[in-house]
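Take a look at the structure:
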């Protein structure tokens with residue numbers, strides 16, 4: 004049987020969920036939607052205001068024909084709580100701090116000249132984060148930190164088990180980021196990106212059912228959400244579509260296996276399709292991502308070589324999307340990454356190819372859409388993870404504060 008504290012915590016989280024969904028809401032409507040008494044709503048919302056989650060936001064209108072006192076409206080308090088997101092790539096990282104609404108207040112990107120060993124890499128992450136944390140208005144105010152990474156991430160134990168593109172062995176993230184000044188939540192970049200979509204744009208997607216996210220970046224990442232939760236096995240997100248085989252005799256992938264989808268669809272593959280003899284041009288590695296983004300932008304403007312390059316990798320990507328639809332029949336497949344810059348070119352190809360590759364009846368029940376954040380989805384996702392997990396733990400152990408630096412998910 005649940006204790007009084009557990010019931011109280013659950014009711015607080017219910018209130019926060021209703022405020023999030025409605026943006027602005029009265030106590031009377033909270034009572035009606037939650038089936039909690041007005042006295043309970045009054046008491047709990049007062050606590051949530053005192054704790055910095057909610058604020059009173061103006062006066063609403065009386066219900067038509069009822070007259071009486073106009074209700075005081077509640078919303079999230081955008082000034083009290085701060086959350087940080089860290090998005091880690093092999094050649095750079097991004098850090099941002101936002102309020103509870105996800106509005107970014109400060110952001111910083113640090114580029115590396117080449118691949119670094121874990122000690123060097125995370126030393127710079129800690130230095131840059133420390134400098135940002137010490138800024139006026141941020142110091143001491145972080146409620147939680149979200150981190151998104153490319154590769155196979157054990158979110159229960161904070162282990163990066165397969166640091167794809169990093170060229171590292173398996174590493175214990177707690178060893179390198181153990182001094183961060185707030186509770187930390189880990190997710191793979193694709194899982195974080197999917198959380199960003201459904202957290203900040205919940206009106207666009209079903210709360211019940213399945214959503215698959217496919218991220219086209221250095222390679223291809225994937226994640227699956229079922230009824231609002233990322234599907235995991237022992238803390239590891241499912242959905243690594245990039246390492247499904249599309250050619251038994253194909254090219255060698257970064258994972259060492261042959262014929263993976265990721266071996267044919269990535270930022271580098273787009274550039275190689277656009278620029279002949281890429282290696283002979285001796286282009287700096289750090290320019291590949293920017294070039295892929297620019298080629299996608301040019302394709303959206305109709306530049307013919309760019310259009311052909313985007314079409315080539317999109318047709319191969321569509322094979323993977325068709326496989327996902329045949330196997331899972333999700334409600335949505337969300338495409339993220341640089342390729343969304345050329346969505347006017349990409350979308351018709353995906354629709355045509357998927358119609359041929361997915362079984363009749365399956366493709367029509369799945370909507371393929373682009374994400375809302377392009378190749379910034381990892382950073383926004385890290386922020387969304389921090390906010391979501393923080394709110395989910397409101398009232399845990401009788402407090403609205405998270406006490407452990409690293410939190411199992």
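Residue numbers (our numbering): 4 to 412.
In this text, a Cβ means the ideal position worked out from N, Cα and C, and glycines have one as well.
- Rounded to whole angstroms, residue 392 and residue 306 show a C-alpha spacing of 43 angstroms.
- Within the DSSP bridge table, the entry for residue 189 names 150 as partners.
- Under a 10 Å Cβ-count criterion, residue 82 is classified as exposed, with fewer than 16 other Cβ atoms of the shown protein chains found around its own Cβ.
- By the neighbour-count criterion, in which a residue is buried when 16 or more other Cβ atoms sit within 10 angstroms of its Cβ, residue 132 is buried.
- Residue 92 has its alpha-carbon roughly 19 angstroms from the corresponding atom of residue 343.
- DSSP places residue 78 outside any alpha helix (DSSP H); the residue lies instead in the beta strand (DSSP E), whose first and last residues are 75-79.
- With respect to the 9 angstroms criterion, residue 345 and residue 303 are classified as neighbours on the basis of their beta carbons.
- With contact defined as three or more Cβ pairs closer than 8 angstroms, the segment 258-275 and the segment 311-331 are in contact.
- For residue 221, the number of other beta carbons within 10 angstroms of its own is at least 16, and it is reported as buried.
- Excluding its 5 nearest sequence neighbours in each direction, residue 384 has C-beta neighbours in its own chain below 6 angstroms: 151, 195, 196, 198 and 199, listed in chain order.
- The beta-bridge partner set that DSSP reports for residue 95 consists of 114.
- Counting only runs of 4 or more residues that sit fully inside the segment 193-220, no alpha helix (DSSP H) segment turns up.
- The closest CA to that of residue 368, considering only 214, 375 and 127, is found on 214.
- Between residue 156 and residue 189 the beta-carbon gap is near 6 angstroms, inside 8 angstroms, which marks them as a contact.
- Counting only residues of its own chain and dropping the five nearest sequence neighbours on each side, residue 55 has a CB closer than 7 angstroms to the CB of 80, 83 and 84.
- Under the criterion of beta carbons closer than 8 angstroms, residue 371 and residue 298 do not qualify as touching, at roughly 21 angstroms.
- With 16 or more other CB atoms across the displayed protein chains lying within 10 angstroms of its CB, residue 30 is buried.
- Counting only runs of 3+ residues, the beta strand (DSSP E) found wholly inside the segment 331-370 occupies 335-340, in chain order.
- Residue 125 has its alpha-carbon roughly 11 angstroms from the corresponding atom of residue 177.
- Under the DSSP assignment, residue 387 falls in the alpha helix (DSSP H) whose first and last residues are 380-395.
- Residue 375 holds the alpha-carbon nearest to the alpha-carbon of residue 340 among 358, 35 and 375.
- Residue 8 and residue 27 have their C-alpha atoms spaced approximately 27 angstroms apart.
- Counting only residues of its own chain and dropping the five nearest sequence neighbours on each side, residue 256 has a CB closer than 6 angstroms to the CB of 263, 265 and 266.
- Listed in chain order, the non-local C-beta contacts of residue 258 below 6 angstroms within the same chain comprise 246, local neighbours out to five positions each way being set aside.
- Rounded to the nearest angstrom, the gap between the Cα atoms of residue 17 and residue 309 is 49 angstroms.
- The beta carbon of residue 193 lies closer than 6 angstroms to those of 216, 218, 224, 225 and 226 in the same chain, with the five residues before and after it left out.
- Residue 76 sits away from residue 48, with the two beta carbons spaced by 9 angstroms or more.
- Annotated as distal: residue 337 and residue 101, with beta-carbon spacing of 9 angstroms or more.
- Between the alpha carbons of residue 52 and residue 182 lies a distance of about 30 angstroms.
- Residue 25 carries a helical assignment under DSSP once its states are collapsed to helix, strand and coil.
- CA-to-CA, the gap between residue 164 and residue 88 works out to about 21 angstroms.
- Beyond the five residues adjoining it in sequence on each side, residue 41 comes within less than 6 angstroms, by CB distance, of 34 in the same chain, given in chain order.
- For residue 52, the uninterrupted alpha helix (DSSP H) segment begins and ends at 41-53.
- Apart from sequence neighbours up to five positions away, the residues of its chain that approach residue 360 with a beta-carbon distance below 6 angstroms are 325, ordered along the chain.
- In this model, residue 249 and residue 46 are separated by some 58 angstroms (Cα to Cα).
- 9 angstroms or more divides the Cβ of residue 382 from the Cβ of residue 94.
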